[in-house]
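Novice: Under this note's numbering, think of the first position of the sequence shown as 95, with each following residue one higher.
Glycine included, every Cβ here is placed at the ideal spot set by N, Cα and C.
None of the values given here were measured: they were computed from a predicted structure.
Sharing a structure, written as structure tokens. Questions coming.
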Amino acid sequence: MPFKTILTVTGTHRGDNDIKLATKLCEEVGAHLSVLAVALAAPPPIGDYAAPISDTWMEERRADLEQLEKRTAAVSHLLASSAISADVTNAYAEIGWADEIIGRRARYADLTLIGPELLSDGTLKDKTIEGALFSSGKPMLLVPEGSKPTLQPRKVMIAWDSRVEASRAVREAIHMLTAADDVRLILVDPVEGESHQGAEPGADVATYLARHGAKVMVERLPSSGQSVAEVLKRHAADMSADLVVMGAYGHSRLRERLFGGVTKSILNDLSMPVFMAH
């Protein structure tokens, strides 16, 4: 299904480059742009020091809300001169609930775009990624600094591991995959067998994609002592991929935080646009 609504999130102290990037992508595919301006609220003071600092806390909240309204107005003014249709909303979110609030808004978009400015905003970036992946049921597109994103990619690399998350990412990206000139389905150290990746790893999903009209080629790569993430990133660079499509968090978030994982490694060192779904 083509993207008809794209969501992007902006903080109160960020520039407009992410919004301009989102506007260009919406123009490219004729989509509506939805912008959510977010300010993260500090938790209320508790304990012995709550009373003397409560006035300071309230003043900080008033300043946050004032800044949020200014940012919302500035974004609305910026988009008023654009040819695309757009809407702007805002949220003053407690840090502990921000991912759920962002995810709820993302349910009404086809895709959440996370641009370079947001990727440099530690806490808001993390909350947006978690909300988009775990609370929206929709995919997200991460765009690092210096890359050239497009929703009409010519060369696409799929990181395939036969998990449901990878299957969902492929399904969400199907219209981009079928329109691309070159789709590479990459498996790293695939394991044969019905309980793993099939008698011929990658063949089933390649057949599925071919039936949709995708020009797909299966490549099975050895890790040769490198991490899976490193193999994927190197191969994407070697084929000059416009986009990487992959499932996110095949293991639990806690396990990936403690022990690492492909998703964590990719998120920590983005070098090209990555389309993810959970």
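(1) Would you say Pro233 and Ala116 are within 8 Å of each other, going by their C-beta atoms?
(2) Look at the alpha carbon of Val123 and the alpha carbon of Phe97, and state the distance between them as a whole number of angstroms.
(3) Can you tell which of Ala335, Leu364 and Thr357 has the C-alpha that lies nearest to the C-alpha of Leu245?
(4) Taking the alpha helix (DSSP H) that Val211 belongs to, which residues open and close that run?
(5) Is the segment 238–253 touching the segment 273–288 in the sense that three or more CB pairs, one from each, lie closer than 8 Å?
(6) For Leu271 and Ala157, what's the separation of their Cα atoms in angstroms?
(7) Whole alpha helix (DSSP H) runs in the segment 170–232 with 4 or more residues, listed along the chain?
(8) Is it buried or exposed, Ser230, if we count other Cβ atoms within 10 angstroms and call 16 or more buried?
(9) Distance check for Ile208 and Thr222, CA to CA, integer angstroms please.
(10) In angstroms, rounded to a whole number, what distance separates the CA positions of Ile178 and Glu286?
(11) Check the DSSP bridge columns for His126 and list the partner residues they point to.
(12) Straight-line CA distance for His306 to Glu160?
(13) Taking only three categories from DSSP, how would you classify Thr104?
(14) Between which two residues does the alpha helix (DSSP H) containing Arg265 stretch?
(15) Which of the three DSSP states, helix, strand or coil, is assigned to Glu294?
(16) Determine the burial state of Ala297: buried for a count of at least 16 other Cβ atoms within 10 Å of its Cβ, exposed for fewer.
Specialist: Straight from the coordinates:
(1) no
(2) 7 Å
(3) Ala335
(4) In the sequence as presented, Val is not what sits at residue 211; that position holds Glu. First-last of the alpha helix (DSSP H) with Glu211: Pro210 to Leu213.
(5) yes
(6) 46 Å
(7) 192–200, 210–213 and 216–228
(8) buried
(9) 8 Å
(10) 48 Å
(11) Thr99
(12) 50 Å
(13) strand
(14) Val258 to Glu266
(15) coil
(16) exposed
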